[in-house]
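Beneath this line is the structure, given in structure tokens, with notes to follow.
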Ligand code: SF4
Ligand code: SF4
């Protein structure tokens, strides 16, 4: 097995400048959001109190970070160690993803400085309570799961800049302890992370069920928690493929198509199970006719379905799986499908009553792009300086 | 309706009736198809409302809310402001029934649900259903996530979109300002035509049924809020030719809005058995696969 190693490429490239541009523009809008209220930036209104930031930054963010727990499930729990190379990047992206979700939540909370209230005032009846706790705990688990990479890179090599050098020994000792402890407890975290993911991935599906009279019948189902979990499991490997493909392209690495193409064989299984359940549920509830009533809901539904069904069919074909461009496109389709599904549940399928409409403002888009850019920035930083991606010869 | 009678109900309800009901209505009484609920509420009789908006003004006064204007907003002048907002907790609007064409004034506000979706949704327990029956919101706990706004079927809770440190705001049934001092709600007190009756919910239901029985031509026989969304503290009456839906009171089911999410949540996390079971099962699978991989490795080495 190859060893992972820091890339150590030149960090400041034109691409990074572009990322910085997005981050700065998000920062400008965030000034208004934090000092002049939501009204100065967003198009949110009394009937659409949650918008793009919750639907994309949080609901999709959590789903797209599912690569972490699904890869963990496949590699560590089902013992498919040949995909080991995919584990570290997946765990890293999940960590970055959840960190961004946490930040996005802070952005979206009117009283963000009270975020810690979720720790002390417990309402076990609230779906959001469960989501908040699971996300918080899982973020901590992911942080721990990333420790080995840091230990590997810096153990016995700690050299902090300037006056911080005083702490070199201390930090080094800490890394030694972390290394020892991790060796013993890693397995508990691996299992814990998967269970926590099951918990909040499904609870995200429960969230909008609090509004039975607002969510359209194509999406309002008591099985929503299971469907959300299944769609997250389906999108996990797709995200791994997506990231690996981009890393190959942008870091000029050798193609990993043999590995990811093989890994992609899980996608049609997961996706097929999801689709089976999705249609089974619609048929069982008698909601299928609603999919044929022309209008926004039906169109949104079919877009979502197409984005799932096309890659499902395509990925059953070996020729697609082992062709880097086709595989990449299929993975993108699954990702877009999950994004569409979440948007349908959180925004498009929600009829919030007459008289109000919502379309995200420029400021909301800018902030969302800023978050995505920040995520990419952190990823690049991490793979550049930590042993995440495997060495290639 | 004579003023004296109206006063009587108000005072009786605000002072003693609640306590009496609580004492005389043991939980078993709920078997008689009504929740043993000691709360107060209001009966909004849309057949009586003349649209003078005095209640709206009284609400602004008692809650110290600034006026809002939609002048220059085009169109209908009467509905000013257009909807509930962070500065308007109650609002009289004119509605026209699409089928009969008949116009009606009706007061809009928090329904003070018996099984409030807002309360169930709020992760930090900022909502409380007080003993008075008022559903209140606590500024010291709320983190401004606005999930309560999604949850409320009537879109009642409002958010201060233009403040850096925003509050959630809505009708409090005058809980802090008046109820706890034994006074009825401000809007009910000022209504000149008795369109708003304050009192114990049981009493209000009785009054509503009496009115319907006494004048069946004037009323639709249904009391809105008796069972809708599990029952609401604020009840409505309407004319036979004006549907409740046209008044902004949709035909919601009789089950409490949060029943589904709560049963799912409690099912998934029942005594933590399901998550622990999954943990154990995954642990087992992991151990099994590790052993198998190791054995395989060993045979390969041989
Ligand atoms: S009407 Fe809405 S805000 Fe009022 S108690 Fe019911 S759910 Fe809560
Ligand atoms: S906005 Fe405040 S009151 Fe409403 S659900 Fe969130 S924390 Fe609770």
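Protein chains in written order, with full-length UniProt numbering: chain A, 1 to 393; chain B, 1 to 302.
Here a beta-carbon is modelled for each residue, glycine too, at the ideal position from N, C-alpha and C.
is_contact[residue i, chain B] using C-beta, thresh 8 Å
i: residue 194 of chain A; result: yes
i: residue 38 of chain A; result: yes
i: residue 197 of chain A; result: no
i: residue 342 of chain A; result: no
i: residue 99 of chain A; result: no
i: residue 127 of chain A; result: yes
i: residue 222 of chain A; result: yes
i: residue 110 of chain A; result: yes
i: residue 348 of chain A; result: no
i: residue 331 of chain A; result: no
i: residue 79 of chain A; result: yes
i: residue 324 of chain A; result: no
i: residue 49 of chain A; result: yes
i: residue 191 of chain A; result: yes
i: residue 286 of chain A; result: no
Beta-carbon gap between residue i and residue j smaller than 8 Å
i: residue 123 of chain B; j: residue 132 of chain A; result: yes
i: residue 256 of chain B; j: residue 41 of chain B; result: no
i: residue 165 of chain B; j: residue 157 of chain B; result: no
i: residue 54 of chain B; j: residue 191 of chain B; result: yes
i: residue 57 of chain A; j: residue 248 of chain A; result: no
i: residue 186 of chain B; j: residue 59 of chain B; result: yes
i: residue 190 of chain A; j: residue 76 of chain A; result: yes
i: residue 346 of chain A; j: residue 208 of chain A; result: yes
i: residue 339 of chain A; j: residue 66 of chain A; result: no
i: residue 364 of chain A; j: residue 53 of chain A; result: yes
i: residue 193 of chain A; j: residue 72 of chain A; result: yes
i: residue 145 of chain A; j: residue 386 of chain A; result: no
Chain A within 8 Å of residue i, Cβ atoms only
i: residue 35 of chain B; result: For residue 35 of chain B, the pLDDT reaches just 48, beneath the cut-off of 50, and the residue's location in the model is therefore unreliable, although a value from the coordinates is still provided. With 8 Å as the cut-off, residue 35 of chain B does not count as an interface residue toward chain A.
i: residue 90 of chain B; result: no
i: residue 273 of chain B; result: no
i: residue 22 of chain B; result: Confidence in residue 22 of chain B is poor, its pLDDT being 37 and thus under 50, which makes the residue's placement too unreliable to answer from.
i: residue 83 of chain B; result: yes
i: residue 279 of chain B; result: yes
i: residue 143 of chain B; result: yes
i: residue 109 of chain B; result: no
i: residue 257 of chain B; result: yes
i: residue 26 of chain B; result: A caution first: residue 26 of chain B carries a pLDDT of 35, below 50, which makes its placement in the model too unreliable to give a value.
i: residue 122 of chain B; result: yes
i: residue 261 of chain B; result: yes
i: residue 245 of chain B; result: no
i: residue 282 of chain B; result: yes
i: residue 338 of chain B; result: Nothing can be reported for residue 338 of chain B: it is not among the residues displayed for chain B, which extend from 1 to 302.
i: residue 147 of chain B; result: yes
i: residue 292 of chain B; result: yes
i: residue 130 of chain B; result: no
i: residue 103 of chain B; result: no
i: residue 56 of chain B; result: no
Sheet register partners of residue i (DSSP bridge)
i: residue 45 of chain B; result: B:237
i: residue 350 of chain A; result: A:215
i: residue 158 of chain B; result: B:169
i: residue 94 of chain B; result: B:105
i: residue 135 of chain B; result: B:129
i: residue 200 of chain B; result: B:40
i: residue 243 of chain A; result: For residue 243 of chain A, which the question treats as bridged, DSSP gives no partner whatsoever.
i: residue 113 of chain B; result: B:232
i: residue 4 of chain A; result: A:390
Contact list for residue i against chain E, beta-carbon separation under 8 Å
i: residue 163 of chain B; result: In summary, chain E is missing from the structure at hand, where the protein chains are A and B.
Continuous beta strand (DSSP E) stretch holding residue i: start and end
i: residue 230 of chain B; result: Careful: residue 230 of chain B lies outside any beta strand (DSSP E) and carries neither H nor E.
Residue range of the alpha helix (DSSP H) that includes residue i
i: residue 99 of chain A; result: 84–108
i: residue 169 of chain A; result: 168–207
i: residue 288 of chain A; result: Careful: residue 288 of chain A lies outside any alpha helix (DSSP H) and carries neither H nor E.
i: residue 246 of chain B; result: Taken as a continuous stretch (DSSP letters only), residue 246 of chain B belongs to no alpha helix (DSSP H), as it is neither H nor E.
i: residue 253 of chain A; result: Looking at the DSSP string, residue 253 of chain A is not in any alpha helix (DSSP H), and its letter there is neither H nor E.
i: residue 50 of chain A; result: Note, residue 50 of chain A: premise wrong, no alpha helix (DSSP H); not H, not E.
i: residue 71 of chain A; result: 67–72
i: residue 84 of chain B; result: Taken as a continuous stretch (DSSP letters only), residue 84 of chain B belongs to no alpha helix (DSSP H), as it is neither H nor E.
i: residue 389 of chain A; result: Element bounds for residue 389 of chain A: n/a, residue is neither H nor E.
i: residue 305 of chain A; result: 296–315
i: residue 341 of chain A; result: 324–343
i: residue 368 of chain A; result: 362–385
Closer than 6 Å between the C-beta and any heavy atom of ligand 1: which residues qualify, listed along the chain? One residue list follows from the rule of a beta carbon closer than 6 Å to any heavy atom of ligand 1, given in chain order as B:110, B:111, B:112, B:113, B:116, B:117, B:118, B:135, B:152, B:154, B:156, B:157, B:170.
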